[in-house]
Amino acid sequence: FNLAYEAAEEFTKLLGVRNKAAGFIKNMLLQRICSSFAAGMSTAQKMLDNRPIEDEGDLEGLENPLDGLSEQEAACLHTIVEELSRPEARDPKLGAVNYFLDTYRTGAPAKTWSEHGCIIFSQYYDTAKWVASEIAKTKPDEVVAVYAGSGKSGLFRGSEFSTVEREYIKDAVKRHEIKLVVATD
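Pasting the structure below:
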């Protein structure tokens, strides 16, 4: 994490020499790295590929600050992707989510959040989908929903993901058929 974060800071410092939007890019990139390793890695890769970054409507109408990346800027983005995708890289937020889902007990009678049912919110779709997929891997008999906009909602059953409408998820929650939902804000 620290190496990826440092590479992001170096990237935006280099970018700032040639583009006024570097401050905005820095905030976005660092927020995404801090949201989850998956969101940070995905964002850096999209920047390398000069692809649009989802959920960032603020970029619309701006001259693309990522056109013509220098060799040094690209190297920083490659470092972010490499560091966050290392097999031994573990995102600590997932450990916290799993603790609250499966260990922490509340209520009367005391139940885990998984037993009660809960909604986990994330600002970024990349993070929401990744968290849901990781939860689903540890709970293969449970449906884990991703509630998001723009046709991105769906259900994880184990490692399988199928797209569904948001209304389907809302109705399934009301019927107590789905107890775990990961949603974007």
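Each residue of the sequence shown is one higher than the one before, counting from -7 in the working numbering. Where is the CB? At the ideal position from N, CA and C, for every residue including glycine.
Checklist entry - Excluding the five sequence neighbours on either side, which residues of its own chain have a C-beta within less than 6 Å of the C-beta of Gly8, listed in chain order? => result Ala14
Item to check | Uninterrupted alpha helix (DSSP H) stretches inside the segment 93 to 149 (no shorter than 4 residues) | outcome: 105 to 108, 117 to 130
Checklist entry - Gly53: buried (16+ other C-beta within 10 angstroms of its C-beta) or exposed? => result For Gly53, the predicted structure reports a pLDDT of 49, less than 50, and the residue's modelled location is therefore unreliable. A value from the coordinates is still provided. Per the 10 Å Cβ criterion, exposed.
Checklist entry - Which same chain residues, not among the five before or five after Leu93, have their C-beta less than 8 Å away from its C-beta? => result Thr104, Trp105, Ser106, Cys110, Ile127, Leu172
Next on the checklist: I'd like the span of the alpha helix (DSSP H) that includes Leu6, first residue to last.
Outcome noted: -6 to 10
Checklist entry - Leaving out five residues before and five after Phe29 in sequence, what residues of the same chain have Cβ atoms less than 7 Å from its Cβ? => result Leu76, Ala81, Asp83
Checklist entry - Given a threshold of 16 other Cβ atoms within 10 Å of its Cβ, counted over all protein chains shown, does Thr91 qualify as buried or as exposed? => result A small fix is needed here, since residue 91 is Tyr in this sequence, not Thr. So Tyr91 ends up on the exposed side.
Item to check | Exposed unless 16 or more other CB atoms sit within 10 angstroms - verdict on Asn19 | outcome: A residue is called buried when at least 16 other Cβ atoms come within 10 angstroms of its Cβ; Asn19 does not meet this threshold and is exposed.
Next on the checklist: Let's test the definition: count the other Cβ atoms within 10 Å of the Cβ of Glu63 and tell me whether it reaches 16, buried, or not, exposed.
Outcome noted: exposed
Item to check | Residue range of the alpha helix (DSSP H) that includes Ala175 | outcome: Unbroken run through Ala175 is the beta strand (DSSP E), 172 to 176; no alpha helix (DSSP H).
Item to check | Val156 vs Gly146 beta-carbon contact at 7 Å | outcome: yes
Item to check | Where Lys148 falls, given that 16 or more other Cβ within 10 Å makes a residue buried | outcome: Per the sequence shown, residue 148 should be read as Phe rather than Lys. By the 10 Å Cβ count, Phe148 comes out buried.
Checklist entry - Since Tyr96 and Ser27 are thought to touch, with beta carbons under 8 Å apart, how far apart are those beta carbons, to the nearest angstrom? => result In fact, because the Cβ distance is near 22 Å, the residues do not count as touching under 8 Å.
Item to check | Glu159 - containing alpha helix (DSSP H), residue span | outcome: Residue range 158 to 166 is occupied by the alpha helix (DSSP H) that includes Glu159.
Checklist entry - Secondary structure at Ser151, three-state DSSP: helix, strand or coil? => result coil
Checklist entry - Contact check, Met39 vs Leu69 under 8 Å by CB: the rounded distance? => result 5 Å
Next on the checklist: Between the alpha carbons of Glu152 and Glu134, how many angstroms are there, rounded?
Outcome noted: 12 Å
Checklist entry - So the alpha helix (DSSP H) Ala14 belongs to, where does it begin and stop? => result 14 to 27
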